[in-house]
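**Q**
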Amino acid sequence: MMVARMLFAALLGALIGGAELVGRYQDKPAAAVFSPSGLLYIAVNASASTAALIAAEAMGWGFALPEGAPAVGGSVAQVMAAAVGAAAIFRSSFMIAQDKGVSIGPILLLSGLLKIVDAAMDRKRALSRLSTNDLAGLSFVNDHAALAELCSHAIRRYELSEAQRLGELAADLRARDDLTDADKLDCFGLELSRLVGEKALRKAAERLRDRPDLEEVPAPAAVVEEVVPAADAEEETDFASRLGGSRRLARRSEY
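The structure is reproduced here in structure tokens:
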């Protein structure tokens with residue numbers, strides 16, 4: 001009976017650790033979970049839950065059940081309490097070093113493991129992003145603004161801070177004379193892929209490559225293009241003004 005409870009406690013702890021990794025690395029959850037550092041992180045969470053259950057059993061901690069309740073209910077409650085309690089304890093801190101802003105406590109162990117996972121995932125992402133050229137056929141000068149707007153409108157939630165960072169990157173790249181247009185596009189594309197993912201960036205690039213210049217194609221009757229004057233700062237979004245560029249996306253009137 002005790003062995004079964006230990007296995008269930010370890011399973012719950014592993015699920016808690018795995019769920020945290022999946023939420024942290026939403027673009028590549030499987031790669032994060034099954035990486036060596038990810039498996040180590042899950043194993044630590046599972047071991048902590050098992051140790052908490054053993055400690056509770058050794059100290060005689062249990063749960064009072066109402067009359068008529070099945071005896072197995074106490075074991076289930078004890079296992080769940082051990083798993084959740086271990087997760088809470090390992091994510092707690094006793095104090096914060098004010099000069100460094102570092103939390104001191106059990107959280108240091110999990111934070112250190114997460115840094116190892118972060119480093120491993122960053123290396124995998126870098127290798128994956130540099131292995132393909134998804135932006136072939138595009139140019140930074142003509143397409144970076146449309147590419148950024150298309151990617152940002154495709155996702156459901158987009159933080160203003162991310163838009164500002166993209167705008168600052170675009171402005172910095174436009175001012176650089178030591179980089180070619182292809183270099184600038186690669187740098188901008190790598191930042192976009194970090195925000196929206198490689199597949200979304202690839203699809204956005206395909207749409208732009210297949211789309212003729214807007215000036216050469218008459219707009220259908222059902223589509224009304226909004227021409228935004230460059231001098232009218234109130235009508236132009238801060239995102240678009242920061243990005244700049246010569247190519248804009250057509251917007252439908254119902255938007």
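Each residue of the sequence shown is one higher than the one before, counting from 1 in the UniProt record's numbering.
Glycine included, every Cβ here is placed at the ideal spot set by N, Cα and C.
#1: How about the segment 158-166 and the segment 124-137: do they share at least three Cβ pairs that are nearer than 8 Å?
#2: Tell me, to the nearest whole angstrom, how far the beta carbon of residue 31 is from that of residue 124; I am working on the premise that it is less than 8 Å.
#3: Applying the criterion that 16 or more other CB atoms from any shown protein chain within 10 Å of the CB defines a buried residue, is residue 59 buried or exposed?
#4: Taking 8 Å as the cut-off, decide whether the C-beta atoms of residue 10 and residue 55 are in contact.
#5: Going along the chain, which residues of its own chain have a beta-carbon closer than 6 Å to the beta-carbon of residue 193, five neighbours each way excluded?
#6: Within 10 Å of its beta-carbon, does residue 71 have 16 or more other beta-carbons around it, so buried, or fewer, so exposed?
#7: Alpha carbon to alpha carbon, how far is residue 79 from residue 34?
#8: Taking only the alpha-carbon atoms, compute the straight-line gap between residue 172 and residue 207 and give it to the nearest angstrom.
#9: Indicate the three-state DSSP secondary structure (helix, strand or coil) for residue 133 in the structure shown.
#10: Hey, out of 148, 153, 210, whose CA is closest to residue 187's CA?
#11: The alpha helix (DSSP H) that contains residue 5, what's its start and end?
#12: Can you list, in chain order, the residues of its chain with a C-beta nearer than 7 Å to that of residue 49? Leave out the 5 residues immediately preceding and following it.
#13: Would residue 189 pass as a contact of residue 122 if the rule is Cβ separation under 8 Å?
#14: Since residue 41 and residue 114 are thought to touch, with beta carbons under 8 Å apart, how far apart are those beta carbons, to the nearest angstrom?
**A** So, from the data block:
#1: no
#2: 6 Å
#3: Residue 59 is exposed by the Cβ-count criterion.
#4: no
#5: 129, 201
#6: exposed
#7: 25 Å
#8: 26 Å
#9: coil
#10: 148
#11: 2-24
#12: So the list reads 9, 10, 12, 13, 82, 83, 86, once near-sequence residues are dropped.
#13: no
#14: 7 Å
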